[in-house]
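What follows is a set of notes on a single structure, which appears directly below.
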Amino acid sequence: MQELFTQEKSIYIQISEMIETDILRGILLEEERVPSTNELAKLYAINPATAAKGVNILVDAGILYKKRGIGMFVSEGAKEMILTNRKNAFYDNFVKAIVDEAEKLGISKEELTKMILEEK
Amino acid sequence: MSGFSRTMKYSFHQAWQRTLVSLGVSVVYSLYFMLMDDTLSLKEFIQDFGTYLLFVSVLFMTIYGLVSAAVNVPEQISFGCVRLHAALSLSLSNIFTMGFVMLILVGYYAVMPQFSINDNLMLFLHGFEGMLAVTGLTAFLSVLVMKFGRYAYIGCIIVLALCSGFFAGFMSKMGNDFLATANLEFIFAVASAAILIIGNIALAVYSKYIEVKA
Amino acid sequence: MGNLVCKGIVKKYKDKVVLNGVDLTIEEGKIYGLIGRNGVGKTTLLSIMTAQNPANEGTVQYDGEQVWENRKALDHLCFSRELNALTTLGPNTQKIKEYFKIASIYYPNWDQAYAEELMKQFGIDQKKRISKLSKGMLSMVTITIGLASKADITILDEPVAGLDVVAREDFYRMLIEEHANSGRTFIVSTHIIEEAADVFEEVIFLKDGNVLLKENTVDLLDRARHVTGVAEDVDLVTEGLHKYHEEKMGRSKGVTVLLEEGQSLKENAQVTVQPLSLQNLFVALCGREE
Chain A
1 MQELFTQEKS
11 IYIQISEMIE
21 TDILRGILLE
31 EERVPSTNEL
41 AKLYAINPAT
51 AAKGVNILVD
61 AGILYKKRGI
71 GMFVSEGAKE
81 MILTNRKNAF
91 YDNFVKAIVD
101 EAEKLGISKE
111 ELTKMILEEK
Chain B
1001 MSGFSRTMKY
1011 SFHQAWQRTL
1021 VSLGVSVVYS
1031 LYFMLMDDTL
1041 SLKEFIQDFG
1051 TYLLFVSVLF
1061 MTIYGLVSAA
1071 VNVPEQISFG
1081 CVRLHAALSL
1091 SLSNIFTMGF
1101 VMLILVGYYA
1111 VMPQFSINDN
1121 LMLFLHGFEG
1131 MLAVTGLTAF
1141 LSVLVMKFGR
1151 YAYIGCIIVL
1161 ALCSGFFAGF
1171 MSKMGNDFLA
1181 TANLEFIFAV
1191 ASAAILIIGN
1201 IALAVYSKYI
1211 EVKA
Chain C
2001 MGNLVCKGIV
2011 KKYKDKVVLN
2021 GVDLTIEEGK
2031 IYGLIGRNGV
2041 GKTTLLSIMT
2051 AQNPANEGTV
2061 QYDGEQVWEN
2071 RKALDHLCFS
2081 RELNALTTLG
2091 PNTQKIKEYF
2101 KIASIYYPNW
2111 DQAYAEELMK
2121 QFGIDQKKRI
2131 SKLSKGMLSM
2141 VTITIGLASK
2151 ADITILDEPV
2161 AGLDVVARED
2171 FYRMLIEEHA
2181 NSGRTFIVST
2191 HIIEEAADVF
2201 EEVIFLKDGN
2211 VLLKENTVDL
2221 LDRARHVTGV
2231 AEDVDLVTEG
2241 LHKYHEEKMG
2251 RSKGVTVLLE
2261 EGQSLKENAQ
2271 VTVQPLSLQN
2281 LFVALCGREE
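Protein chains in written order, with my numbering: chain A, 1 to 120; chain B, 1001 to 1214; chain C, 2001 to 2290.
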């Protein structure tokens, strides 16, 4: 949870990704309570409305759920959900960029594939 | 607490601090004169101390009054005080100071067995009137101080110092006699009250334009 | 609690118009950042909003009531402004303790225990005289007054001026914590934009005597893009969009755009599109005109 923020992405997206990473790493377990938006705001010195926006992304995706009056909790099967989402986004987030960049540099698809196979 | 009672509390706080300073200075002042003048009898010294206290208090009221204009009135407004109340606090502080000084004097003369309160009643009355007039004049001149800043400040201090000297004269025995013979007492009383009221009206009206600067 | 609403605020100094019909609504419970260049009129606007200066035209209302000369409304407001140690008379020969005493008289919700707690955290002795304080300490006293006033709408004018980076971080934490505990409304005017950007729910840019924009910080940054590349490509991609701060170097060009609802950049692999920090966006929108 203690990662620093970068300029490249909106803060609230980074908050949601941080929580996801924590779930993947087993720092937050299923059915465990997630820090409240006020606690997140105080921890990172950001506005609670921004923290809330980040948390709501995960609630909408079903990764977190709200228990009224108590707080936010990690859903059952959240870990699998996150992995699936990230796998699906893998093409858009990583592969497309590599293919485009390789094309710009004049690296053929065969050369690219060779590079990938040789990567340990 | 209602708005006005807050201003009262603030003015009260200011007043007793000023009274203490006036008292301290008068003691030093009169001790100095007593040491300087071997011919001064104890009775005369005790009598004079009362006058010194009045004179010094009026002097400090004028100085503090103008300081208030430059500093305390804008300060109160910056804390969200209603401007009218802030403007009135200038005279309120002086009136409270007057009250404390009078109490001290009454107590002082009551304790001194050689003097009767009656002897000094006129002294108190004129002192009181003089202070009212100076308060009103300070309120009026503070408008100039707030508008023109430090340039007006020096000029107003001089004017008020002269006036307080004038009133101090009236408060002394000489003034008492003069007023008694000339039957000016009533006029003096009415004039003092009028100056107080007019001065404060001018200040209250001007308060709408006061800008609290950084 | 209520909203603070300004309508048509005009302020002139002699012939110069500083504020030109400002309309601004401050909603309860948010932390606002008021950002603008030196001399644009931030302090003037804030002091008009708290009845410390008279406006030439326009009205300021709190919860539907006029603020001017209205104790009921003023009781809900606090404007903690920069203290100046240079003045040798009056409050600046006072001790901090005494200054707090005055605050306790005028702020109905003043929390003395909280004020002392903050002074301890800042490491300042309350018996010190204000004229003897360093610039940083003066800022800390200003911050303490603002936070401990517990006013519904609290305005802090340049609270971090003179604070070193660690003290600034302390301030942002104190602000967020107090906001989280009480839900009070805060308006913070500042020059140090980037650090404070995460703390503001909404930002207000003041330019040329008026409000250039007032928007949720995250939403604003989501619609700002910096586009760079060969000049012709950049022009193609940004056709029809609001452009700011065009910079040319040789054959390349860089420009900042703000997308409106429904707009987007045309796809083009030849240009680089980056998000902007709040600071960069402010410079692009309010910096020197070409």
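The C-beta atom is built at its ideal place from N, Cα and C for all residues, glycine as well.
Continuous beta strand (DSSP E) stretch holding A2224 of chain C: start and end: 2224-2230
T2088 of chain C versus I1063 of chain B: straight-line alpha-carbon distance, rounded: Caution applies to T2088 of chain C, whose pLDDT of 45 falls short of 50 and renders its modelled position unreliable; the value that the coordinates give is listed next. Going by the C-alpha atoms only, they are around 15 angstroms apart.
7 angstroms Cβ cutoff, K1009 of chain B in contact with chain C: yes
Any alpha helix (DSSP H) of 4 or more consecutive residues that is wholly inside the region 1041-1073 of chain B: Entirely contained in the region 1041-1073 of chain B, the alpha helix (DSSP H) runs reaching 4 residues are, in chain order, 1042-1067.
Buried versus exposed call for I113 of chain A [16 or more other C-beta atoms within 10 Å across all chains shown]: The sequence shown places Thr at residue 113 of chain A, not Ile. Looking at its Cβ environment, which holds fewer than 16 other Cβ atoms inside 10 Å, T113 of chain A is exposed.
Neighbour flag for N2053 of chain C against chain B, beta carbons, 7 angstroms: Output row for N2053 of chain C: interface = yes.
W2110 of chain C classed as buried or exposed, judged by whether at least 16 other C-beta atoms fall within 10 angstroms: buried
Test: R2173 of chain C CB closer than 7 angstroms to a CB of chain A: Answer yes: the Cβ-Cβ gap between R2173 of chain C and chain A drops below 7 angstroms somewhere.
Nearest-angstrom Cα separation, counted from G2036 of chain C out to Q2066 of chain C: 26 angstroms
Residue range of the beta strand (DSSP E) that includes L2074 of chain C: Here L2074 of chain C belongs to no beta strand (DSSP E); instead the alpha helix (DSSP H) covers 2071-2074.
Endpoints, alpha helix (DSSP H) assigned at V2165 of chain C: 2165-2182
Beta-carbon spacing of V34 of chain A, L64 of chain A below 7 angstroms: yes
Helix, strand or coil at M115 of chain A according to DSSP, with G and I counted as helix: Here M115 of chain A carries a helix assignment [DSSP, helix/strand/coil].
Contact residues within the region 2216-2228 of chain C, judged by C-beta distance below 9 angstroms to chain A: N2216, T2217, V2218, L2221, D2222
Exposure label - A1110 of chain B; buried when at least 16 CB within 10 Å: An exposed status is given to A1110 of chain B, since fewer than 16 other beta-carbon atoms sit within 10 Å of its beta-carbon.
Pair within 7 angstroms by beta-carbon distance, V2046 of chain C and D2152 of chain C: Note on identity: in this sequence residue 2046 of chain C is Leu, with Val being the wrong assignment. Judged by their CB atoms, L2046 of chain C and D2152 of chain C are not nearer to each other than the 7 angstroms cut-off.
Three-state secondary structure assigned by DSSP to H1013 of chain B: helix
Same chain, Cβ closer than 8 angstroms to M81 of chain A, neighbours up to 5 away in sequence not counted: Within the same chain, M81 of chain A has close Cβ partners A61, G62, I63, S75.
Proximity to E2032 of chain C [Cα-Cα], best of C:D2075, C:L2265, C:F2200: According to the sequence provided, residue 2032 of chain C is Tyr. The question's Glu does not apply to it. Closest option to Y2032 of chain C, Cα to Cα, is C:F2200.
Chain A contact for D2233 of chain C (CB, 7 angstroms cutoff): Chain A, which has no Cβ nearer than 7 angstroms to the Cβ of D2233 of chain C, makes this no.
With 16 other Cβ atoms within 10 Å as the buried cut-off, status of H1126 of chain B: buried
Rounded C-alpha distance that separates K2101 of chain C from S2149 of chain C: One C-alpha to the other measures close to 12 angstroms.
CB contact flag (T1138 of chain B, G1065 of chain B, <7 angstroms): Going by C-beta atoms, T1138 of chain B is nearer than 7 angstroms to G1065 of chain B.
Which of helix, strand or coil DSSP assigns to V1205 of chain B: helix
Supposed close pair L1053 of chain B, S1026 of chain B - CB separation, criterion 8 angstroms: 4 angstroms
Test: T2088 of chain C CB closer than 7 angstroms to a CB of chain A: Confidence at T2088 of chain C is low in this model, with a pLDDT of 45, below 50, so its placement is unreliable and the value that follows should be read with caution. No, because no Cβ of chain A sits closer than 7 angstroms to the Cβ of T2088 of chain C.
Helix, strand or coil at C1156 of chain B according to DSSP, with G and I counted as helix: Per DSSP, reduced to three states, the secondary structure at C1156 of chain B is helical.
Residue closest to N2268 of chain C, alpha-carbon to alpha-carbon, out of C:W2068, C:C2286, C:E2239: When C-alpha distances from N2268 of chain C are compared across C:W2068, C:C2286, C:E2239, the shortest belongs to C:E2239.
Residues that Y2013 of chain C bridges to, as DSSP identifies them: C:K2016
Any 3 or more C-beta pairs closer than 8 angstroms across the region 2269-2287 of chain C and the region 2207-2226 of chain C: yes
Per-residue burial, D2015 of chain C [other beta carbons within 10 Å of its own, 16 or more giving buried]: exposed
Cβ neighbours of V2005 of chain C in the same chain (closer than 6 angstroms, five flanking residues each side left out): Around V2005 of chain C: T2025, Q2061.
Within 7 angstroms, strictly: CB atoms of K2243 of chain C and V2255 of chain C: yes
Residue closest to F1004 of chain B, alpha-carbon to alpha-carbon, out of B:Q1076, B:G1130, B:V1056: B:Q1076
Expected contact under 8 angstroms - CB spacing of T2217 of chain C and V2203 of chain C to nearest Å: 5 angstroms
Backbone secondary structure at S2080 of chain C - three-state DSSP: strand
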